[in-house]
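In what follows, a single structure is set out as structure tokens and then discussed.
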Amino acid sequence: MDNKVIKVTNLVKKYGDFIAVNGISFDISRGEVFSLLGPNGAGKTTTVEILEGIRKKTSGEVIILNEDPENNRKLIGVVGILPQDFNFLWNSTPMDALNFYKKALGSKGDIRELLEKVEIYDKRDVPFQKLSGGQKQKLGLAIAMLNEPEVLFLDEPTSGLDPKARRNIWKVIETLKKEGRSILLTTHYLEEAEILADRVAIMNHGQIIDTGTPMEIIERHHNKDRLIIRAPQSISQSLKKVGFVGNYSDGYLEIELSESRDAAKIINYLVDENLSFEDFTLKRESLEDVFVRMVGDEDIESE
Amino acid sequence: MRILNLNNIIAYFKLHSRAYFRSKGSIFFQLAFPIILMIIFGAIFGGSSTAPTQLVIQNESPSQISWEIVNAINDTGIFKVKILNENSSINSYISDNSVSAALLIPKNFTQNFAMNGSASLIFTGIGNPQEEQQEYQILNNVVTSMNYKIEGKNPSLVLKSDYISQQSLKEVDFYVPGLIGFTILNSMFAMIYQVPNYRKDRIFRQLSFSGISKGEWVISTALFNFLLTVLSDAILVIIAYTLFGASLNFTILTSLVTLVILFSGMLLFIGIGILAGMVSDNEETVSVIGNLIIFPMMFLSGVFFPLAFAPSYVKTISDFLPLTYFINSLNDMLIYKNYSVLELEVPILIVFSIAIFLISVKLFKWNE
Ligand SMILES: Nc1ncnc2c1ncn2[C@@H]1O[C@H](COP(=O)(O)OP(=O)(O)OP(=O)(O)O)[C@@H](O)[C@H]1O
Ligand SMILES: [Mg+2]
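Note that the protein sequences, when read in sequence, are chains D and E.
All you need for our numbering is the position in the first sequence, starting with 1, plus 788.
Residue 104 in our numbering sits at position 107 of the second sequence, with consecutive numbering throughout.
Here it is, written out as structure tokens:
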């Protein structure tokens, strides 16, 4: 059996002459959390909405659970959707909203359990416009989860939320992941992708620049690792003799490593030669450092 | 188009009505609106009307004397005179157009006058006995004074009345059908504002995730608005009867037909509302387009005052406003007991409304 729940091949979307999505391909396996990472306007929402079947593609192929999503009613309820800027009817409460989806989708989900899971059970009778941003987003997530969908599309589920609310939502997404659901998550938050995603795709100007696990991406694109040793200045001279040149300042020697394993060589050398040092750290670029360089820092939304 | 799913229609109906009834303001206005309108109209039109009445004249006996009478009536300036074509039947014209005042100069008029020096004219029409009296008086004065003007013999022209009085109609009876017609516009207001807002706020997108279709959404919204309209009309009629002593021709048949007229009117105006909502892409255009559609209908469809006295260009405009036909049908049936509308006007309205409704739903898009 095919293990891919989502297959995208050479997807293109043009708005008039403007190419919003420029021939991207990726696939998502069952149970995988896949994150599209990209700056504003990269084409993430456009891609996700084509996958959700609510936007027409210009060309390429999209298959969700062996179906073409465009105007395909078979996928309603099988796919859970939390759109970017989730919004609902003025004066509707979370309880009304979930009752509506439950009835329309004919789903058996327990509304109370769901509201407790996303921690807004106490807000169940509050009109939509009086919910806070985070509470609204949680309601959106609950609606997406209601029918126990195999595949979820979460478009920036935590944007604009405070760190605590963001972590609440991460917790829910982690539960979904544990339950074996496949999730396509778009985000600006690198930390979010690093924590939640099995694989990420870095998207910019409608193209995917690279795909892989966060580690793989860092591995492929990071600048040289740096070894930082806290030690007296004399150590700088000793290491220079064996070919490791660094910068010394304020009690720290920082050496750029041409190869990561040089770190071991240096430490071994210091130990063998009985040169005293207090401690050391090996610094590698984070996904964020790599990301910012990859997409060019001109248009990154500041957090 | 996919077959409509009743379950989805009910689901959305519940969602929508619960949200609606949570807003105390909207309920208040929905219920208070007819009361306010009734009271305002009661105050404005409670007194007698001073506007000129239209008088339809058919001269079946053209002669110098008969035209002199017509001219004399015209010269009073009290009536707007409409001369009916010789070949048409005045009685069917009266019932088809619910004419409230008409004068028939019968075929044998000239002959009788020439031979006997006396002849009679017939005052006819259907409607309000109070007005009938006034108009009869005025016409009678004209006719009597003609007697003095005509020289020679001792002429005696007599104005006979063949007036078809309705059971004592009150002022209120003349504006209730117009107000009922006006409430049909409710569903159009709702659409003109909801469609662009729901599109802008991406609520249609969110609703589509539930599997309900745009057709189901429209039907559900329409049903809800229909029930609201029926509710406010019921209140309006109850007030008209209890506070103002209305006595309209409400039978089981006319009540059912009124509901049918309301329902098809609602379909039509929802259709128009959707089309208008589709072309307005921001808040300013929404109100401009809304007013552009609503104001002419309010003033030129005979909601607030009958169009019998309006200049002819207004009538021409009014002929193009669909609301006019709804109000005329209601007027004919409820005031003048004229059931001929059931044969032609009402069926045409129903077919026309359904057609516009279906077209608008077809053109209307939820997403991109
Ligand atoms: N309906 C549309 N018509 C024309 N251009 C559009 C439309 N929707 C999106 N675009 C353009 O396509 C590009 C990609 O938009 P998209 O919403 O997919 O970006 P995104 O990656 O989701 O950005 P963000 O992080 O800000 O949500 C943008 O330049 C946007 O201006
Ligand atoms: Mg987006």
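Even for Gly, the Cβ is constructed at its ideal location relative to N, Cα and C.
For clarity, every value in this text was computed on a predicted model and none was experimentally measured.
Mind checking residue 348 (chain E): buried by the 16 CB within 10 Å criterion, or exposed?
Position 351 of the second sequence holds residue 348 (chain E). So residue 348 (chain E) ends up on the exposed side.
Determine the direct distance from the alpha carbon of residue 309 (chain E) to that of residue 382 (chain E), and round the result to whole angstroms.
With chain E covering -2 to 365 only, the question about residue 382 (chain E) has no answer from this structure.
Ligand 2: which residues have Cβ under 7 Å from any of its heavy atoms, chain order?
D:832, D:833, D:872, D:943, D:944, D:974
Could you pull the DSSP bridge partners for residue 1073 (chain D) from this structure?
On the first sequence, residue 1073 (chain D) is found 285 positions in, with the first residue counted as 1. Answer is none; residue 1073 (chain D) lacks a bridge partner.
Thinking C-alpha only, which one of E:289, E:345, E:202 is nearest residue 875 (chain D)?
Within the first sequence, residue 875 (chain D) is the residue found at index 87, counting from 1. With distances taken between Cα atoms, residue 875 (chain D) lies closest to E:202.
What residues from chain D crowd round residue 252 (chain E), counting only those whose CB sits closer than 7 Å?
For the purposes of this step, residue 252 (chain E) is taken as the residue at position 255 of the second sequence. Simply none; closest approach about 33 Å.
Along the chain, where does the beta strand (DSSP E) containing residue 834 (chain D) start, and where does it finish?
Residue mapping note: residue 834 (chain D) aligns to position 46 of the first sequence, counting from 1. Element bounds for residue 834 (chain D): not the beta strand (DSSP E) but the alpha helix (DSSP H), 832 to 840.
Chain E within 7 Å of residue 918 (chain D), Cβ atoms only
The residue you call residue 918 (chain D) lines up with position 130 of the first sequence. No, its Cβ sits nowhere closer than 7 Å to a Cβ of chain E.
So that I know if they touch, is there some Cβ in chain D lying closer than 7 Å to that of residue 186 (chain E)?
Position 189 of the second sequence, counted from the first residue, corresponds to residue 186 (chain E). No, no contact with chain D.
Residue 893 (chain D) at chain E interface by Cβ criterion, 7 Å
Against the first sequence, residue 893 (chain D) aligns to sequence position 105. Taking Cβ atoms only, chain E reaches closer than 7 Å to residue 893 (chain D), which makes this a yes.
Under 7 Å Cβ-Cβ, which residues of chain D neighbour residue 205 (chain E)?
In the second sequence, residue 205 (chain E) corresponds to position 208, counting from 1. Here the neighbours are 842.
Give the residues of chain E in contact with residue 889 (chain D), contact being defined as C-beta atoms less than 7 Å apart.
As a first step, residue 889 (chain D) is located in the first sequence; it is residue number 101 there, counting from the start. Within chain E, the residues near residue 889 (chain D) are 207.
Is any non-hydrogen atom of ligand 1 found closer than 6 Å to the C-beta of residue 828 (chain D), if you look at the structure I gave you?
Sequence index remark: in the first sequence, residue 828 (chain D) carries index 40 (1-based). Yes.
Of the residues that make up the region 20 to 35 of chain E, which ones have a beta carbon closer than 8 Å to any beta carbon in chain D?
20
Would you list, in sequence order, the uninterrupted beta strand (DSSP E) runs of no fewer than 3 residues that lie entirely inside the region 934 to 1010 of chain D?
939 to 943, 970 to 975, 987 to 992, 995 to 1000
Simplified DSSP assignment, three categories, for residue 352 (chain E):
Position 355 of the second sequence, counting from 1, holds the residue named residue 352 (chain E). Correct three-state label for residue 352 (chain E): helix.
As assigned by DSSP and simplified to three states, the class of residue 846 (chain D)
Walking along the first sequence from the start, residue 846 (chain D) turns up at place 58. If DSSP states are grouped into helix, strand and coil, residue 846 (chain D) belongs with coil.
Return the residue from the list D:952, D:927, D:832, D:878 that minimises the CA-CA distance to residue 944 (chain D).
For the purposes of this step, residue 944 (chain D) is taken as the residue at position 156 of the first sequence. Of the candidates D:952, D:927, D:832, D:878, the one whose C-alpha sits nearest the C-alpha of residue 944 (chain D) is D:832.
Within this structure, are the beta carbons of residue 795 (chain D) and residue 851 (chain D) separated by less than 7 Å?
On the first sequence, residue 795 (chain D) is found 7 positions in, with the first residue counted as 1. On the first sequence, residue 851 (chain D) is found 63 positions in, with the first residue counted as 1. Yes, Cβ-Cβ distance for residue 795 (chain D) and residue 851 (chain D) is below 7 Å.
Chain E beta carbons: is any one of them nearer than 7 Å to that of residue 817 (chain D)?
Here the question's residue 817 (chain D) lines up with position 29 in the first sequence. Not closer than 7 Å to any Cβ of chain E, the Cβ of residue 817 (chain D) fails to qualify, so no.
Span separating the alpha-carbon of residue 826 (chain D) from that of residue 11 (chain E):
Along the first sequence, read from residue 1 onward, the residue named residue 826 (chain D) stands at position 38. Along the second sequence, read from residue 1 onward, the residue named residue 11 (chain E) stands at position 14. Roughly 40 Å between the two C-alpha positions.
Shorter than 7 Å from the beta carbon of residue 316 (chain E) to some beta carbon of chain D?
What you label residue 316 (chain E) is simply residue 319 of the second sequence in a count that begins at 1. Taking Cβ atoms only, chain D never reaches closer than 7 Å to residue 316 (chain E), which makes this a no.
Nearer than 6 Å: is that true of the beta carbon of residue 352 (chain E) relative to any heavy atom of ligand 1?
For the purposes of this step, residue 352 (chain E) is taken as residue 355 along the second sequence, with counting starting at 1. Result no, Cβ not under 6 Å from ligand 1.
Would you tell me roughly how many angstroms separate the C-alpha atoms of residue 1042 (chain D) and residue 1036 (chain D), rounded to the nearest one?
Taking the first residue of the first sequence as position 1, residue 1042 (chain D) is located at position 254. Taking the first residue of the first sequence as position 1, residue 1036 (chain D) is located at position 248. The straight-line gap from Cα to Cα measures roughly 6 Å.
Output yes or no for whether 7 Å exceeds the beta carbon distance between residue 849 (chain D) and residue 797 (chain D).
In the first sequence, the residue the question calls residue 849 (chain D) occupies position 61. In the first sequence, the residue the question calls residue 797 (chain D) occupies position 9. In this structure, residue 797 (chain D) lies closer than 7 Å to residue 849 (chain D) by Cβ.
Give the straight-line distance between the Cα atoms of residue 816 (chain D) and residue 988 (chain D), rounded to the nearest whole angstrom.
One-based indexing of the first sequence puts residue 816 (chain D) at position 28. One-based indexing of the first sequence puts residue 988 (chain D) at position 200. Each residue's Cα considered, the two are about 10 Å apart.
When you check each C-beta in the region 942 to 973 of chain D against every C-beta of chain E, which residues fall closer than 8 Å?
none
Residue 989 (chain D): beta carbon under 6 Å from a heavy atom of ligand 1?
Taking the first residue of the first sequence as position 1, residue 989 (chain D) is located at position 201. Result no, Cβ not under 6 Å from ligand 1.
To which residues of the same chain is residue 821 (chain D) closer than 7 Å at the C-beta, ignoring the five residues directly before and after it?
One-based indexing of the first sequence puts residue 821 (chain D) at position 33. Only 965, 971, 973, 984, 985, 986 meet the Cβ criterion.
Assigned secondary structure, residue 317 (chain E) (DSSP; H/G/I helix, E/B strand, else coil):
As a working note, residue 317 (chain E) is residue 320 in the second sequence. Three-state DSSP puts residue 317 (chain E) in coil, outside helix and strand.
Find the residues of chain D that neighbour residue 12 (chain E), judging by a C-beta separation of less than 8 Å, and give them in chain order.
Taking the first residue of the second sequence as 1, we reach residue 12 (chain E) at position 15. Within chain D, the residues near residue 12 (chain E) are 877, 880, 884, 885, 887, 888.
Take the Cβ of residue 329 (chain E) as the centre, count every other Cβ of all protein chains shown within 10 Å, and call the residue buried at 16 or more, exposed below.
The residue labelled residue 329 (chain E) in the question sits at position 332 within the second sequence. It is buried - the Cβ of residue 329 (chain E) has at least 16 other Cβ atoms within 10 Å.
Beta-carbon within less than 8 Å of residue 383 (chain E)'s beta-carbon, same chain only, minus the 5 sequence neighbours each way: which residues are those?
Because residue 383 (chain E) is not part of the residues shown, which for chain E are -2 to 365, the question remains open.
So which residues on chain E does residue 864 (chain D) lean against when the C-beta distance must stay under 9 Å?
Working through the first sequence from its first residue, we reach residue 864 (chain D) at position 76. Ordered by position in chain E, the residues that pass the 9 Å Cβ test against residue 864 (chain D) are 205, 206, 207, 208.
To the nearest angstrom, how far is it from the Cα of residue 36 (chain E) to the Cα of residue 67 (chain E)?
Numbered from its first residue, the second sequence carries residue 36 (chain E) at position 39. Numbered from its first residue, the second sequence carries residue 67 (chain E) at position 70. Roughly 40 Å separates the two Cα atoms.
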